[in-house]
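Residue numbers (the working numbering), protein chains in the order written: chain A, -14 to 102; chain B, 6 to 113.
Accompanying notes for the structure given below.
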């Protein structure tokens, strides 16, 4: 069974930094693309970032480009989302998700991020 | 972002259809259109991928289609457990993914 468990969400002041982690199990992590998707409170889903299987390709939504960095450690079955210069509009639940053939097919439960002074 | 109706409702047993309108650089161009169901406080769940394919374990009551720049999700034989939010998603020609704003389905 595919398992994705996010962690690291907390309260951060505007302008601050935070790194989220995603622990994967139940599938060949080293062969799969990982996405990060967020959801502001009471709002819809917003695609944030993508990292391919060997970290050679990363993609970002315009809203986070230059501030967020996605990475992974295949030997540890972990993916990361480093977030810097956080803004109030970055608050929400952050999900990591597995990709199969350009489809986001399995999701974690998410970790909450609040941006507040 | 892709455009979805804010809400759709139907009675048990009826069929409803949710639209997802994009453009020629996303929905109109690629087969990589998917649909997700989300219940309050839960993670999204994939119910349709590649426009009209159903993952293993997903009810036949869920079906997908596409015409031009618009994709559609049809739920037939509406049940109480279908109540929730539904989101479409598409790969785009600028190498990113976009979601629709979401549709609240209410089973009356």
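Even for Gly, the Cβ is constructed at its ideal location relative to N, Cα and C.
Residue i burial status per 10 Å Cβ neighbour count (16 or more: buried)
{"i": "residue 90/B", "result": "buried"}
{"i": "residue 2/A", "result": "exposed"}
{"i": "residue -5/A", "result": "exposed"}
{"i": "residue 61/A", "result": "exposed"}
{"i": "residue -9/A", "result": "buried"}
{"i": "residue 20/A", "result": "buried"}
{"i": "residue 47/B", "result": "exposed"}
{"i": "residue 24/A", "result": "buried"}
{"i": "residue 49/B", "result": "buried"}
{"i": "residue 45/A", "result": "buried"}
{"i": "residue 11/A", "result": "exposed"}
{"i": "residue 47/A", "result": "exposed"}
{"i": "residue 91/A", "result": "buried"}
{"i": "residue 51/A", "result": "exposed"}
{"i": "residue 95/A", "result": "buried"}
{"i": "residue 41/B", "result": "buried"}
Of the listed residues the options, nearest to residue i (C-alpha basis)
{"i": "residue -3/A", "options": "70/A, 89/A and 87/A", "result": "70/A"}
{"i": "residue 7/B", "options": "99/B, 101/B and 93/B", "result": "93/B"}
{"i": "residue 57/A", "options": "49/A, 67/A and 75/A", "result": "67/A"}
{"i": "residue 74/A", "options": "-11/A, 45/A and -1/A", "result": "-1/A"}
{"i": "residue 40/A", "options": "94/A, 52/A, 46/A and 64/A", "result": "64/A"}
{"i": "residue 49/A", "options": "9/A, 91/A and 22/A", "result": "22/A"}
{"i": "residue 20/B", "options": "41/B, 77/B and 34/B", "result": "77/B"}
{"i": "residue 102/A", "options": "95/A, 17/A, 86/A and 72/A", "result": "72/A"}
{"i": "residue 38/B", "options": "38/A, 86/A, 14/A and 17/A", "result": "86/A"}
{"i": "residue 51/B", "options": "60/B, 44/B and 45/B", "result": "60/B"}
Same chain, Cβ closer than 8 Å to residue i, neighbours up to 5 away in sequence not counted
{"i": "residue 42/A", "result": "35 and 36"}
{"i": "residue 102/B", "result": "94, 95 and 96"}
{"i": "residue 57/B", "result": "68, 69, 70 and 71"}
{"i": "residue 16/B", "result": "83, 112 and 113"}
{"i": "residue 55/B", "result": "36, 37, 38 and 39"}
{"i": "residue 104/B", "result": "6, 7, 92, 93 and 94"}
Cut-off 7 Å between Cβ atoms - residues of its own chain near residue i, not counting five sequence neighbours on either side
{"i": "residue 29/B", "result": "74"}
{"i": "residue 88/B", "result": "110, 111 and 112"}
{"i": "residue 97/A", "result": "-6 and 78"}
{"i": "residue 59/A", "result": "14 and 15"}
{"i": "residue 38/A", "result": "15, 16, 17 and 18"}
Check: residue i C-beta below 7 Å from any heavy atom of the ligand FAD
{"i": "residue 6/B", "result": "As for the ligand FAD, it is missing from this structure, which has no ligand bound."}
6 Å CB neighbourhood of residue i in its chain, flanking five on each side removed
{"i": "residue 99/A", "result": "-4 and 76"}
{"i": "residue 131/B", "result": "With chain B covering only 6 through 113, there is no way to say anything about residue 131/B."}
{"i": "residue 10/B", "result": "108"}
task: Would you check if the segment 96 to 108 of chain B and the segment 11 to 26 of chain B touch, i.e. whether three or more CB-CB distances between them fall below 8 Å?
output: Because the criterion of three Cβ pairs below 8 Å is met, the segment 11 to 26 of chain B and the segment 96 to 108 of chain B touch.
Problem set entry | Inter-stretch contact (C-beta, 8 Å, three-pair minimum) for the segment 76 to 88 of chain B and the segment 60 to 68 of chain B | yes
Do the segment 77 to 85 of chain A and the segment 18 to 30 of chain A make contact, defined as three or more Cβ pairs closer than 8 Å? The segment 77 to 85 of chain A vs the segment 18 to 30 of chain A: in contact.
Practice prompt. Any chance you could list the beta strand (DSSP E) runs of at least 3 consecutive residues sitting entirely within the segment -14 to 72 of chain A, in chain order?
Written response: Entirely contained in the segment -14 to 72 of chain A, the beta strand (DSSP E) runs reaching 3 residues are, in chain order, -12 to -8, 3 to 10, 18 to 24, 30 to 36, 43 to 45, 53 to 58 and 63 to 68.
Check your understanding: Residue ranges of each beta strand (DSSP E) run of no fewer than 3 residues wholly in the segment 77 to 104 of chain B, ordered along the chain?
Key -> 89 to 96 and 102 to 104
Worksheet item: Quick one: complete beta strand (DSSP E) runs, 3+ long, within the segment 23 to 61 of chain B?
Response: 38 to 43 and 50 to 53
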